[in-house]
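Residue numbers for the sequence shown follow the working numbering, so the first one is 1253 and each next one is one higher. Beta carbons: idealized from backbone N, C-alpha and C, even for Gly. Worksheet: one structure, shown below.
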Amino acid sequence: MQVRRSNEDRRAATRGALLGAARRLFVKNGYAETGTPEIVATADVTRGALYHHFPDKAALLRAILEDEAAAVAADLAKVGREDPLQSLLDGAEAYFRAMAVPGRVRLLLIEGPAVLGPDVMAEISGGRDAAELRAGLEALGCESDLDAVTDMLSAAFDRAALEVAGGGRIEAYRAGLERMLHGLSS
1253 MQVRRSNEDR RAATRGALLG AARRLFVKNG YAETGTPEIV ATADVTRGAL YHHFPDKAAL
1313 LRAILEDEAA AVAADLAKVG REDPLQSLLD GAEAYFRAMA VPGRVRLLLI EGPAVLGPDV
1373 MAEISGGRDA AELRAGLEAL GCESDLDAVT DMLSAAFDRA ALEVAGGGRI EAYRAGLERM
1433 LHGLSS
């Protein structure tokens, strides 16, 4: 006897199939080289189903990026906040590990900013990343040019994440970050 799924279950399954197929294709081929016909074929759904769930391909990308950013944020939320230096170092390591999930760097650091722009990417993260980094630097005793230092260190984190995702050693980037942070707290 076949069990009938509810409309809500079918909608969720279709949406999940679209997100999964698009994520795989965006990681493999890039956003620009992935067409909606390929996405619906890979997801085994109709083109109408795609447009029922997402108004366009960019909205589909945004939904994927929101899921990826939420996963990174969840990993960072597990970091202790007692000692400012240790918190920043542990946060860096958690960020590098979270970003090492296959495809995540390409999606969050390459495709997302290129397609949606930095303002939308900041909106997707809810500004949490920069605010937490800024608060950590403040707690560490970094007082001058805090916004500029936060922006530059954030860029350093992203660059390191690109390297770690490409096979670089987390330990080497953590050690480099520790040297940088000691200089900022002096």
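Simplified DSSP assignment, three categories, for residue i
i        : result
Gly-1461 : This structure cannot speak to residue 1461, because the chain is shown only from 1253 to 1438.
Val-1357 : helix
Tyr-1347 : helix
Glu-1395 : coil
Glu-1285 : coil
Lys-1280 : helix
Pro-1307 : coil
Gly-1428 : helix
Val-1416 : helix
Ala-1274 : helix
Asp-1381 : helix
Val-1372 : helix
Ala-1293 : helix
Cβ-Cβ distance between residue i and residue j below 8 Å
i        : j        : result
Leu-1389 : Leu-1436 : yes
Ile-1422 : Arg-1349 : yes
Arg-1426 : Leu-1341 : yes
Ala-1407 : Leu-1360 : no
Leu-1302 : Leu-1270 : yes
Ala-1346 : Val-1331 : yes
Ile-1376 : Leu-1317 : yes
Gly-1268 : Glu-1363 : no
Ala-1315 : Phe-1306 : yes
Whole-angstrom distance between residue j and residue i, CA atom to CA atom
i        : j        : result
Met-1432 : Asp-1410 : 15 Å
Ala-1265 : Ala-1274 : 14 Å
Ala-1424 : Glu-1260 : 47 Å
Lys-1280 : Ala-1383 : 32 Å
Ala-1295 : Ala-1284 : 18 Å
Val-1372 : Pro-1365 : 8 Å
Thr-1298 : Ser-1258 : 19 Å
Pro-1370 : Arg-1256 : 43 Å
Asp-1397 : Gly-1300 : 51 Å
Assumed close pair residue i, residue j - CB separation to whole angstroms, cut-off 8 Å
i        : j        : result
Ala-1325 : Arg-1380 : 6 Å
Ala-1417 : Ala-1352 : 5 Å
Phe-1278 : Thr-1286 : 6 Å
Leu-1337 : Leu-1392 : 6 Å
Closer than 8 Å to chain C by CB, residue i
i        : result
Leu-1398 : No chain C appears in the structure shown, which is made up of a single protein chain.
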